[in-house]
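Residue numbers (my numbering), protein chains in the order written: chain W, 1 to 489; chain Z, 1001 to 1489.
Written as structure tokens, this is what we have:
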């Protein structure tokens, strides 16, 4: 009977991953299942983040938290529930979030007098506190972050990308001037979000400003980082909002300036979520499964001892190597003796572990081992005495190479487009389209209806072009700087 | 005008903390406000954990998480919402939690077909997953933890001690045998909870088994750690439940054993929460405010440079000392020049920072500084060159001394009681009463009605007494081991 069980598991484990070319969306789901990252919960739209997926989130969280703290950000925790009345105080804000809210109407065995909304974001309840905490210019800037769960009811859920509940961080600040609030939002965008996503997740991004229709509900301006996925669609990977004094006016957040005048503060808010894991998967993974950049991988090196018993000399050497290196790297030794080496290779390949070390009796006799890169499949022999030099080199190479490859893939699709015909062709092909646009909302709506494609941002990375320009769609006068258009997640 | 503002703040800052002897409950609230740890939220029963309070929680969380991981525990994340039907599957469980539930009835603009409960604990939704994840004995033991927010509607909220929403960790395990599940619960109780609470929070605890009426709803047995607060009341600081196969039967969590038989798993679950911060406050703090054990303090040493400008030699030396020591200790330098030294001493005293360093021009001339212990107020001069030896000594001394003092305080009140008259007197006086008890639920209910005091636990730490024993209340045959009784939070 245990053998039958083992075969069942084997069949399950051998389930082939759909290829990207065949069905990208099916491939995405298969990669998540094969790497055991997450699954749909019995509650519609919600997900269960399994231990290996959660370990990736912990790495993301720990690194971001460190970067925030280096900037002087302090963590706090605010209630899950928001009084209905709070949300209604900022008119655009409530309009934007209403369709997505989950509402508690009963608690403690009674109907509540006022319904409570499960937080879809926490501007309102946090700024109610800011209005009490801030009195003088000496209390500014106030910079607070919280790591929390968020609920936005989702009709078409997809693991990590769109779920009714997700995990995120939300930063909230208050400043004396509009300029400081804007600068802070941009500082977080560049110095934390872009830096982290490029250096750790190996996802190149464009930073830019959202169009009016794509702004956060209640913001003066929304800035974003956008990353291109392998199927040519864009993913908004993080946002930072310049809230100006919009919320400060609704929540009466004022301060006495150093001349004794009462003024409204200006604010920013900014967040990234478990969505980053979706982007990570779609940036690097292949038809064999997950590919993880070393700097975010929960296991950076997996050692596969090729031996048949627990007390073999090969196993002993594998353990010695692990003991020697585990202070420097996240190392796992797969010491299961009921699986063949090939089955183990397959499993850790699907889980995206950057480097696999194969260690057999012949290798041991030569004081050597074989290192296999997950991203390229490249194999190389390595003297065991040289592991301390070779492993960091290899991990760095993989990290850099993943970023470079993603950058090349993106840049190859970048297309400047000046006619509507080319625009439609470009959208059909996928990737980023750079076009002059009139910035009119109704024109944007028409483009969306025709092509299912929206403005991603007005990127900071490119210069204004000389001369007069017209909108690629309606022909009216356009911004000299090209907007990025793409289909998006 | 700024001067007026400053005076207002000064008045607020100088608000006296109610003394413990005058009004213990008022003292508790004042200490929290004076240290700026948390406050009541505009949502009834919920709290806002402010940055300094949250930094304590982060230290608790990081240390516990490290200890869990050393035991092989893996973190995961399960949904906030639980289908109503899940809770109803375990009869005792739903009965226990029903009065405290918050219920989502509307989401995404529609009435839900089945209401969703905001998790009061996650046994049901996690074990639904276990039933899919566990197939064979090879999948056991399964050991999962989650850090999450929890909602149990609270009619008489108190910051940290009882709030409608709180933060916690909940561990959930599945094992092949009942013995393994019980052993795991006890291992967590002793090797993680007791160890952490005593060694880090400096709170001595008794470990023991709860009476039937005090058990977790759905458990075979609940084990707990109990700590005595300064007012003679007990605080349940953590629990570990032996669930046997109760939930496994309701959620069909089975495995094929190595002989091919299908069997139910046996389980444990265990948790500690932000309640620990309430215990921490009530264990060590005094009439001057918060007292924190060094191993959990967000700031271990605060340097107060006594000078009037930012570019003073004293300030420069303070910064040099900070740079030298901050890799070893959590150090803050209070460089504000708009406050007098005395105001700063007062502020950091209220925040419970274990050691304060005073550094003035005369000290600097002698290459010396003054170190002041928060717990005893003891002052000592220290050569700056000897700080590297003196500071760790001092922090260790404070840590040990807080634990010893708490232990002495508790042990002094411990009273063996054999008559009902002495029992009532003992309860009136406060502290732990050790008494023989018949273990009958109706007897326990009567004791509670008469004295407002309940059984805390049958402690593991004491031996059975020889001879026959009778219940201190009803006179029936009693356990040879004494139970602990006390008023409790």
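By construction, the Cβ of each residue, glycine as well, lies at the ideal position given by its N, Cα and C atoms. In this text, all values refer to a predicted model and were calculated from it rather than measured experimentally.
DSSP-derived helix/strand/coil call for residue i
i: residue 1490(Z); result: Any question about residue 1490(Z) goes unanswered here, given that chain Z covers just 1001 to 1489.
i: residue 160(W); result: coil
i: residue 388(W); result: helix
i: residue 335(W); result: coil
i: residue 1045(Z); result: coil
i: residue 1103(Z); result: strand
i: residue 437(W); result: coil
i: residue 1219(Z); result: coil
i: residue 1477(Z); result: strand
i: residue 93(W); result: helix
i: residue 1357(Z); result: strand
i: residue 1404(Z); result: helix
i: residue 77(W); result: strand
i: residue 1409(Z); result: helix
i: residue 1060(Z); result: helix
i: residue 31(W); result: helix
i: residue 1399(Z); result: helix
i: residue 230(W); result: coil
i: residue 1427(Z); result: helix
i: residue 1443(Z); result: helix
i: residue 53(W); result: helix
i: residue 1419(Z); result: coil
i: residue 1456(Z); result: strand
i: residue 1214(Z); result: helix
i: residue 19(W); result: coil
Whole-angstrom C-beta distance between residue j and residue i, which should lie under 8 Å
i: residue 1440(Z); j: residue 1476(Z); result: 7 Å
i: residue 447(W); j: residue 486(W); result: 12 Å between Cβ atoms; not a contact.
i: residue 329(W); j: residue 301(W); result: 6 Å
i: residue 28(W); j: residue 296(W); result: Going by Cβ atoms, the distance from residue 28(W) to residue 296(W) rounds to 18 Å, so no, they are not a contact pair.
i: residue 1123(Z); j: residue 1093(Z); result: 7 Å
i: residue 1467(Z); j: residue 1232(Z); result: 30 Å between Cβ atoms; not a contact.
i: residue 266(W); j: residue 250(W); result: Between residue 250(W) and residue 266(W) the Cβ distance is about 13 Å, and since that is not below 8 Å, they are no contact.
i: residue 1167(Z); j: residue 1057(Z); result: 7 Å
i: residue 1218(Z); j: residue 1247(Z); result: 6 Å
i: residue 1399(Z); j: residue 1298(Z); result: Actually they are not in contact, since the Cβ atoms of residue 1399(Z) and residue 1298(Z) sit about 15 Å apart, beyond 8 Å.
Own chain, CB closer than 8 Å to residue i, minus 5 neighbours either side, in chain order
i: residue 368(W); result: 381, 382, 383, 384
i: residue 1444(Z); result: 1211, 1213, 1437, 1454, 1455
i: residue 1079(Z); result: 1119, 1125
i: residue 1006(Z); result: Note that residue 1006(Z) scores a pLDDT of 35, beneath 50, so its modelled location is shaky; the value from the coordinates is reported in the next line. Result list for residue 1006(Z): 1338, in chain order.
i: residue 4(W); result: In this predicted model, residue 4(W) has a pLDDT of only 35, less than 50, meaning its place in the structure is not dependable; the value taken from the coordinates is given anyway. Contacts found: none.
Beta-carbon proximity list for residue i, same chain, < 6 Å, skipping 5 on both sides
i: residue 304(W); result: 334, 341, 344, 358
i: residue 77(W); result: 146
i: residue 152(W); result: 100, 120
i: residue 39(W); result: 48
i: residue 1350(Z); result: 1034, 1035, 1289
i: residue 284(W); result: 291, 402
Chain-order list of residues whose beta-carbon lies under 7 Å from that of residue i (same chain, five-residue window excluded)
i: residue 161(W); result: 275, 278, 489
i: residue 1063(Z); result: 1196, 1200
i: residue 45(W); result: 153, 154, 157, 163, 164
i: residue 314(W); result: 305, 306, 307, 359, 360, 361, 364
i: residue 460(W); result: 207, 208
i: residue 2(W); result: Confidence at residue 2(W) is low in this model, with a pLDDT of 32, below 50, so its placement is unreliable and the value that follows should be read with caution. Nothing meets the Cβ criterion.
Closer than 7 Å: residue i CB and nearest the ligand GTP heavy atom
i: residue 143(W); result: The ligand GTP is not part of this structure, which contains no ligands at all.
Kindly confirm or deny that the region 1229 to 1241 of chain Z and the region 1172 to 1190 of chain Z touch, where touching means at least three C-beta pairs closer than 8 Å.
yes
Identify every run of the beta strand (DSSP E) within the region 171 to 210 of chain W, keeping only runs that are complete inside it and at least 3 residues long; order them along the chain.
206 to 209
Three or more C-beta pairs below 8 Å linking the region 128 to 136 of chain W and the region 243 to 262 of chain W
Yes, they touch.
Report yes or no: do three or more beta-carbon pairs, one from the region 102 to 109 of chain W and one from the region 68 to 76 of chain W, lie closer than 8 Å?
no
At what residue ranges does the region 1276 to 1338 of chain Z contain a whole run of the alpha helix (DSSP H), taking only runs of 4 or more?
1313 to 1325
When you compare the region 86 to 94 of chain W with the region 1082 to 1102 of chain Z, are there three or more beta-carbon pairs, one atom per stretch, that lie closer than 8 Å?
no
Check whether the region 1193 to 1210 of chain Z and the region 1175 to 1185 of chain Z are in contact - that is, three or more C-beta pairs closer than 8 Å.
No, the region 1193 to 1210 of chain Z is not in contact with the region 1175 to 1185 of chain Z.
What are the complete beta strand (DSSP E) segments, minimum 3 residues, inside the region 1103 to 1162 of chain Z?
Fully enclosed beta strand (DSSP E) runs of 3 or longer: 1110 to 1118, 1142 to 1151.
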